[in-house]
Amino acid sequence: MGRVTPEIPSASLADIAFMLLIFFLVATTMDVDSGISRILPPMPDTDQPDDDQQIRERNIFTVRVNAQDMLLVEGQLENLQNLRDRAKEFIANPRDEAHLPEKVVEEVEYFGEYPISRQVISLQNARGTSYGMYIKVQNELTAAYNELRDELSMDRFGRTFERLDASQQAAIRRIYPMRISEAEPRQVGGR
Amino acid sequence: MPGISTASLPDIVFMLLFFFMVSTTMREVTINVRQRLPSATEVQKLEKRSLVSFIYIGQPRTAFEALLGTEPRIQLNDQFATTADIAAFIAGEREARDEAEIPFMRTSLKVDNEVRMGIVDDVKQALRRANALNINYSTLTVESIFD
Numbered sequence: 003m004g005r006v007t008p009e010i011p012s013a014s015l016a017d018i019a020f021m022l023l024i025f026f027l028v029a030t031t032m033d034v035d036s037g038i039s040r041i042l043p044p045m046p047d048t049d050q051p052d053d054d055q056q057i058r059e060r061n062i063f064t065v066r067v068n069a070q071d072m073l074l075v076e077g078q079l080e081n082l083q084n085l086r087d088r089a090k091e092f093i094a095n096p097r098d099e100a101h102l103p104e105k106v107v108e109e110v111e112y113f114g115e116y117p118i119s120r121q122v123i124s125l126q127n128a129r130g131t132s133y134g135m136y137i138k139v140q141n142e143l144t145a146a147y148n149e150l151r152d153e154l155s156m157d158r159f160g161r162t163f164e165r166l167d168a169s170q171q172a173a174i175r176r177i178y179p180m181r182i183s184e185a186e187p188r189q190v191g192g193r
Numbered sequence: 036m037p038g039i040s041t042a043s044l045p046d047i048v049f050m051l052l053f054f055f056m057v058s059t060t061m062r063e064v065t066i067n068v069r070q071r072l073p074s075a076t077e078v079q080k081l082e083k084r085s086l087v088s089f090i091y092i093g094q095p096r097t098a099f100e101a102l103l104g105t106e107p108r109i110q111l112n113d114q115f116a117t118t119a120d121i122a123a124f125i126a127g128e129r130e131a132r133d134e135a136e137i138p139f140m141r142t143s144l145k146v147d148n149e150v151r152m153g154i155v156d157d158v159k160q161a162l163r164r165a166n167a168l169n170i171n172y173s174t175l176t177v178e179s180i181f182d
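Protein sequence lines, in the order shown, are assigned to chains P and L. Residue numbers for the first sequence follow the working numbering, beginning at 3 and rising by one. Residue numbers for the second sequence follow the working numbering, beginning at 36 and rising by one.
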């Protein structure tokens, strides 16, 4: 054995690690990106004339938000708090009422013959509507669909919609398809 | 009384360091517009971050107010832009991805709470023209939106 090599001093190790730590604290973000997902409709083909698909009045649930962030549901002023329940009532039409959407019996996996409502929600906003309000309305409409799907899947499978497997989810999506149609934007009511 | 031993200090700091390295992501752009995102309850997480492109809309930050005023602006990557630039932006984002992944790409709209819908509608129309139809309205997650 020759000379004993002196140990490398490790007193500064903590300082180095702190420096790295601070670098990562500054240069990175922690936010998880989440939000409400939507699929926009493709641009209408200008060469083709509109095929003029008439949707019957009873099958449409009109939601309008004006530039003052006021909400008009089926022609009446409505509070945002009630929107979710009104939308659920409309989508499911539990008592088969004449002014709510008609139903067509279709063959659905797991459910057999099941009456599916022909619902469409039509959402219109003004250019002056605030984005916060728009998101709230979108959120309530999404919540209406999600709650109905959850109720149905609890009823049939005893689990929430999220915990179902893909084919079960597809069956429920067929019964409650999310149909939120947004009108082509146009200038209404100014800023 | 002997001093507290600091021999384990580096270990503790390294532990913190690894935690931050694992749980955070690199900041890619400096956001020059105000971002107070709206909150929602029915949120979905964005799955593949590498397939998401971001469009920021909001009032310019105070440093840019003298130059750009207070009207909401669109920010793409690091620059202020207009709706006319969106088609080129989407094309660029597509170019950077693998061809097979293009149908799964999504555009996340990070829009300030107080922006009026007019500019958002214009952006949505531009996205439709660029055929980038998968979008996500970025929001914070809350228990209830009525407080």
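All C-beta atoms in this analysis are idealised placements derived from N, C-alpha and C, irrespective of residue type, glycine included.
| request: Look at the Cβ atom of residue 22 of chain L, then the Cβ atom of residue 137 of chain P, and state whether they are nearer than 7 Å. | output: Here chain L comprises residues numbered 36 to 182, so residue 22 of chain L is not present and cannot be evaluated.
| task | Taking residue 87 of chain L as the query, report the chain P residues whose CB atoms sit under 8 Å from its CB, ordered along the chain. | result | In the second sequence, the residue the question calls residue 87 of chain L occupies position 52. Here the neighbours are 35.
| field | Where the region 139 to 158 of chain L meets chain P: residues whose CB sits under 9 Å from a CB there | value | 141, 143, 144, 145, 146, 147, 148, 149, 150, 151, 152, 153, 154, 155, 156 and 157
| message | Using C-beta distances below 6 Å, list every residue in its chain close to residue 148 of chain L, excluding the 5 sequence neighbours before and after it, in chain order. | response | The residue given as residue 148 of chain L occupies position 113 in the second sequence. Result list for residue 148 of chain L: 71 and 73, in chain order.
| said: I want to verify the contact list: residues of chain L whose CB lies under 7 Å from the CB of residue 15 of chain P, in sequence order. | reply: Start at 1 with the first residue of the first sequence, and residue 15 of chain P comes out as number 13. Within chain L, the residues near residue 15 of chain P are 45.
| request: Compare the C-beta of residue 94 of chain P against all C-beta atoms of chain L and say whether one is closer than 7 Å. | output: Within the first sequence, numbered from 1, the residue matching residue 94 of chain P stands at position 92. No, because no Cβ of chain L sits closer than 7 Å to the Cβ of residue 94 of chain P.
| query | Shortest alpha-carbon distance to residue 94 of chain L belongs to which of L:59, L:131, L:145 and L:47? | reply | Numbered from 1 along the second sequence, position 59 holds the residue referred to as residue 94 of chain L. Of the listed residues, the one whose Cα sits closest to residue 94 of chain L is L:145.
| task | Kindly list, in the order they appear in chain P, the residues whose Cβ is closer than 7 Å to that of residue 17 of chain L. | result | With chain L covering 36 to 182 only, the question about residue 17 of chain L has no answer from this structure.
| request: Look at the Cβ atom of residue 85 of chain L, then the Cβ atom of residue 37 of chain P, and state whether they are nearer than 7 Å. | output: Counting from one through the second sequence, the residue named residue 85 of chain L turns up at place 50. Counting from one through the first sequence, the residue named residue 37 of chain P turns up at place 35. Cβ atoms of residue 85 of chain L and residue 37 of chain P: not closer than 7 Å.
| request: Please confirm if residue 131 of chain P has its CB atom under 7 Å from at least one CB of chain L. | output: The residue given as residue 131 of chain P occupies position 129 in the first sequence. Yes, because at least one Cβ of chain L sits closer than 7 Å to the Cβ of residue 131 of chain P.
| message | Using 7 Å as the threshold, is the C-beta distance between residue 109 of chain L and residue 98 of chain L below it? | response | Residue mapping note: residue 109 of chain L aligns to position 74 of the second sequence, counting from 1. Residue mapping note: residue 98 of chain L aligns to position 63 of the second sequence, counting from 1. Result no, Cβ atoms of residue 109 of chain L and residue 98 of chain L do not sit closer than 7 Å.
| Shortest alpha-carbon distance to residue 230 of chain P belongs to which of L:180, L:163 and L:177? | Lying before the first or after the last residue shown, residue 230 of chain P is absent from chain P, which here runs from 3 to 193.
| query | Can you list the residues of chain L that residue 178 of chain P reaches, using a CB-CB cut of under 8 Å? | reply | To locate residue 178 of chain P, count along the first sequence from 1; it is residue 176. Those within 8 Å of residue 178 of chain P in chain L number zero; the least Cβ separation is about 14 Å.
| Member of P:59, P:126, P:110 and P:130 whose CA lies at the smallest distance from the CA of residue 101 of chain P | Along the first sequence, one-based indexing puts residue 101 of chain P at 99. Comparing Cα-Cα distances from residue 101 of chain P to each of P:59, P:126, P:110 and P:130, the minimum goes to P:59.
| query | Taking all protein chains shown into account, do 16 or more other C-beta atoms lie within 10 angstroms of the C-beta of residue 1 of chain P, making it buried, or fewer, making it exposed? | reply | Outside the displayed range of chain P (3 to 193) lies residue 1 of chain P, so it cannot be described from this structure.
| task | Count the other C-beta atoms from every protein chain shown that fall within 10 angstroms of the C-beta of residue 21 of chain P, then say buried if there are 16 or more, exposed otherwise. | result | As a working mapping, residue 21 of chain P is identified with position 19 in the first sequence. Per the 10 Å Cβ criterion, exposed.
| said: With distance defined between alpha-carbon atoms, name the residue in L:135, L:90 and L:101 nearest to residue 120 of chain L. | reply: The count along the second sequence starts at 1 and reaches residue 120 of chain L at position 85. Nearest C-alpha to residue 120 of chain L: L:90.
| message | I need the straight-line Cα distance from residue 155 of chain P to residue 168 of chain P, nearest angstrom please. | response | By one-based count along the first sequence, residue 155 of chain P stands at place 153. By one-based count along the first sequence, residue 168 of chain P stands at place 166. Near 13 Å, if we compare the C-alpha coordinates of residue 168 of chain P and residue 155 of chain P.
| query | Among all the DSSP beta bridges, which residues are the ones paired with residue 118 of chain P? | reply | Reading the first sequence from its first residue, position 116 is the one you call residue 118 of chain P. DSSP, once it has assigned bridges, lists P:106 as partnering residue 118 of chain P.
| According to DSSP, is residue 147 of chain P helix, strand or coil? | Looking up residue 147 of chain P in the first sequence gives position 145. Here residue 147 of chain P sits in helix by DSSP.
| query | Going along chain P in order, which residues have a C-beta closer than 8 Å to the C-beta of residue 80 of chain L? | reply | For the purposes of this step, residue 80 of chain L is identified with residue 45 of the second sequence, where counting begins at 1. Correct list: 34, 35 and 36.
| said: Quick check on the DSSP output: the alpha helix (DSSP H) that includes residue 58 of chain L runs from which residue to which? | reply: Sequence index remark: in the second sequence, residue 58 of chain L carries index 23 (1-based). Residues 44 to 58.
| Looking only at its own chain, which residues have a Cβ that is under 6 Å from the Cβ of residue 190 of chain P, when we skip the five neighbours before and after it? | By one-based count along the first sequence, residue 190 of chain P stands at place 188. Residue placement at residue 190 of chain P is flagged as unreliable, the pLDDT there being 48, under the threshold of 50; a coordinate-derived value is accordingly withheld.
| query | Can you find a C-beta in chain L that's less than 7 Å from the C-beta of residue 85 of chain P? | reply | Locating residue 85 of chain P in the first sequence gives position 83, where the first residue counts as 1. With 7 Å as the cut-off, residue 85 of chain P does not count as an interface residue toward chain L.
| message | Here's the rule I'm using: 16 or more other beta-carbon atoms within 10 Å means buried, otherwise exposed. How should residue 54 of chain L be labelled? | response | Mapped onto the second sequence, residue 54 of chain L falls at position 19. Flag for residue 54 of chain L reads exposed.
| said: Using 7 Å as the threshold, is the C-beta distance between residue 175 of chain P and residue 170 of chain L below it? | reply: Residue mapping note: residue 175 of chain P aligns to position 173 of the first sequence, counting from 1. Residue mapping note: residue 170 of chain L aligns to position 135 of the second sequence, counting from 1. Contact flag unset, no.
| query | Would you say residue 147 of chain P and residue 178 of chain P are within 7 Å of each other, going by their C-beta atoms? | reply | Position 145 of the first sequence, counted from the start, is the residue given in the question as residue 147 of chain P. Position 176 of the first sequence, counted from the start, is the residue given in the question as residue 178 of chain P. Yes, the Cβ-Cβ distance between residue 147 of chain P and residue 178 of chain P is below 7 Å.
| request: Assign residue 69 of chain L to buried or exposed, taking buried as 16 or more other Cβ atoms, counted over all protein chains shown, within 10 Å of its Cβ. | output: Indexing the second sequence from 1 puts residue 69 of chain L at position 34. With 16 or more other Cβ atoms within 10 Å, it is buried.
| request: Show which residues of chain B have a CB atom less than 8 Å away from the CB atom of residue 58 of chain L. | output: Structure shown: chain B not included; protein chains present are P and L.
| For residue 160 of chain L, the first and last residue of its enclosing alpha helix (DSSP H) | Counting from one through the second sequence, the residue named residue 160 of chain L turns up at place 125. Per DSSP, residue 160 of chain L belongs to the alpha helix (DSSP H) from 152 to 164.
| said: Could you tell me the alpha carbon to alpha carbon distance between residue 104 of chain L and residue 83 of chain L, rounded to whole angstroms? | reply: For the purposes of this step, residue 104 of chain L is identified with residue 69 of the second sequence, where counting begins at 1. For the purposes of this step, residue 83 of chain L is identified with residue 48 of the second sequence, where counting begins at 1. Taking the straight line from one Cα to the other gives about 35 Å.
| request: Using only alpha-carbon positions, find the residue among L:150, L:181, L:180 and L:141 that is nearest to residue 80 of chain L. | output: As a first step, residue 80 of chain L must be located in the second sequence, where it is residue number 45. Of the candidates L:150, L:181, L:180 and L:141, the one whose C-alpha sits nearest the C-alpha of residue 80 of chain L is L:141.
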